[in-house]
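Add 170 to a position in the sequence shown, counting from 1, and you land on the number used in the UniProt record's numbering.
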Amino acid sequence: AHLSPIYLPGSSGAAERGDVPDFVLVVINDLTEQRRLERMRTDFVANASHELRTPLASLTGFIETLQGPAKEDDAARERFLNIMLEQAGRMRRLIDDILSLSRVELKAHVRPDTPVDLGEVVRHTVDSLGPLARELEVAIEVHFSGGLAEVKGDRDELIEVVENLIENALKYGSAGKRVDVRIEAEKGPGDGISSWGLHVTDYGEGIPPEHLPRLTERFYRVDVDSSRVMRGTGLGLAIVKHILTRHRARLEIVSSPGKGATFSVRFPPD
Ligand code: ADP
Numbered sequence: 171a172h173l174s175p176i177y178l179p180g181s182s183g184a185a186e187r188g189d190v191p192d193f194v195l196v197v198i199n200d201l202t203e204q205r206r207l208e209r210m211r212t213d214f215v216a217n218a219s220h221e222l223r224t225p226l227a228s229l230t231g232f233i234e235t236l237q238g239p240a241k242e243d244d245a246a247r248e249r250f251l252n253i254m255l256e257q258a259g260r261m262r263r264l265i266d267d268i269l270s271l272s273r274v275e276l277k278a279h280v281r282p283d284t285p286v287d288l289g290e291v292v293r294h295t296v297d298s299l300g301p302l303a304r305e306l307e308v309a310i311e312v313h314f315s316g317g318l319a320e321v322k323g324d325r326d327e328l329i330e331v332v333e334n335l336i337e338n339a340l341k342y343g344s345a346g347k348r349v350d351v352r353i354e355a356e357k358g359p360g361d362g363i364s365s366w367g368l369h370v371t372d373y374g375e376g377i378p379p380e381h382l383p384r385l386t387e388r389f390y391r392v393d394v395d396s397s398r399v400m401r402g403t404g405l406g407l408a409i410v411k412h413i414l415t416r417h418r419a420r421l422e423i424v425s426s427p428g429k430g431a432t433f434s435v436r437f438p439p440d
């Protein structure tokens with residue numbers, strides 16, 4: 171923190187005259203926090219530009235090759251065009267995630283309060299991830315005793331959260347062949363339901379403990395190579411964290427390396 175005492179008119183010269191100043195105004199500016207936020211913003215712009223530049227460089231390289239050495243080579247052209255399409259897709263995913271993150275950030279201080287049915291959010295997401303689950307040969311099992319699990323929130327944002335968590339479980343936990351999604355009531359005093367929890371468990375490689383605290387940082391990835399192959403942007407969990415903060419919900423991650431990971435979302439009591 172930066173301290174800057176300011177003597178207002180009327181108090182100047184008071185000390186020399188030997189009397190006590192009329193009043194002293196002390197301004198405390200928390201510059202540390204301001205600097206930290208500025209730093210985060212510039213880091214983000216630098217990282218985002220770097221991440222976008224990689225596929226762009228690859229696209230430029232292939233275009234030059236197609237204009238020159240591979241001009242008459244039909245087989246090479248076909249192969250290069252496929253890679254170029256993949257790189258363009260990567261750029262699109264990055265831009266989508268960057269926009270998603272800035273949209274959520276803009277709304278950071280408004281708490282969403284529409285009633286949302288968590289069961290419906292999970293069913294909707296599991297359906298939309300069906301093709302990826304089949305491609306990776308992973309079964310998604312939903313466990314919910316039934317009834318209405320209602321929380322206050324924004325349905326589209328909660329779908330984004332659940333989608334990110336299940337998609338990660340599928341991508342990074344595919345070796346376990348199964349992903350469990352649980353909706354559980356958390357009992358309050360007097361046996362009433364006080365809040366809801368949502369848990370996504372996979373049985374894959376898991377996450378070494380030293381990485382856990384950093385997983386929700388923008389562009390943070392545990393294993394850069396494998397997450398590239400898995401088409402990750404490194405922004406998914408940062409988006410999840412921002413959405414959950416806006417919902418006053420907590421994200422907890424528990425993992426035993428080699429056995430899998432559970433990502434839990436705990437909603438606040440009503
Ligand atoms: P990405 O787009 O790379 O998937 P995320 O922000 O969603 O980015 O996740 C950050 C990193 O956390 C991933 O790159 C991966 O290394 C790790 N991770 C996320 N979920 C899991 C999981 N269920 N099991 C193992 N590692 C995971």
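Built from N, CA and C at the ideal position, the CB exists for glycine as well.
Keep in mind the model is a prediction, meaning the values are calculated, not measured.
Distance, R325 Cα to R420 Cα: 17 Å
Entirely enclosed alpha helix (DSSP H) segments - the segment 367 to 425, minimum 4 residues: As far as the segment 367 to 425 is concerned, its whole alpha helix (DSSP H) runs of at least 4 residues are 394 to 399, 406 to 416.
Near ligand 1: E422 beta-carbon under 7 Å from a heavy atom: no
Delimiting residues of the alpha helix (DSSP H) encompassing K347: Unbroken run through K347: none, as it is neither H nor E.
Proximity to P301 [Cα-Cα], best of L318, R281, L340, L264: Per the Cα distances, L340.
Min CB distance L269 to chain C below 8 Å: As a matter of chain content, chain C is missing from the structure shown, which is built from one protein chain.
With 16 other Cβ atoms within 10 Å as the buried cut-off, status of P359: Exposed is the call here.
Neighbourhood of G346 by C-beta distance below 8 Å, restricted to the same chain and skipping five residues each side: Hits under 8 Å: V308, D372, Y373, G374, G430.
Rounded distance between the beta-carbons of E248 and H412, thought under 8 Å: Between the beta-carbon of H412 and that of E248 there is about 41 Å, and that puts the pair past the 8 Å contact cut.
Beta-carbon proximity of N334 to V410, cut-off 8 Å: Note that the C-beta distance between N334 and V410 is below 8 Å.
Under the three-state DSSP convention, the category H294 falls into: Correct three-state label for H294: helix.
Distance, S364 Cα to K357 Cα: 5 Å
Spatial distance of A171 from T202 (CA atoms): No answer about A171 holds up, because its pLDDT of 46 lies below 50 and its placement is not dependable.
Cβ contact check for the segment 259 to 267 and the segment 286 to 293: 3 or more pairs under 8 Å: no
Alpha-carbon to alpha-carbon, T403 and S181: Unreliable positioning characterises S181 in this predicted model, as indicated by a pLDDT of 49, which lies under 50. The coordinate reading is nonetheless provided below. Near 58 Å, if we compare the C-alpha coordinates of T403 and S181.
Best match in P225, R304, W366 for proximity to Q257 [C-alpha to C-alpha]: Measuring C-alpha to C-alpha distances from Q257 to each of P225, R304, W366 identifies P225 as the nearest.
Of the listed residues A240, R384, P285, E330, nearest to H323 (C-alpha basis): Here residue 323 turns out to be Gly, not His, going by the sequence shown. Checking every option, the nearest Cα to that of G323 belongs to P285.
G367: CB within 7 Å of a non-hydrogen atom of ligand 1: no
Three-state secondary structure (DSSP) of V331: helix
E375 CB to nearest heavy atom of ligand 2 below 7 Å: This structure does not include ligand 2; its bound ligands are ligand 1.
Every unbroken alpha helix (DSSP H) within the segment 202 to 277, with a cutoff of 4 residues, ordered by chain: 244 to 276
Beta carbon of R281 nearer than 8 Å to that of E311: no
CA-to-CA distance, I265 to V321, given in whole angstroms: 30 Å
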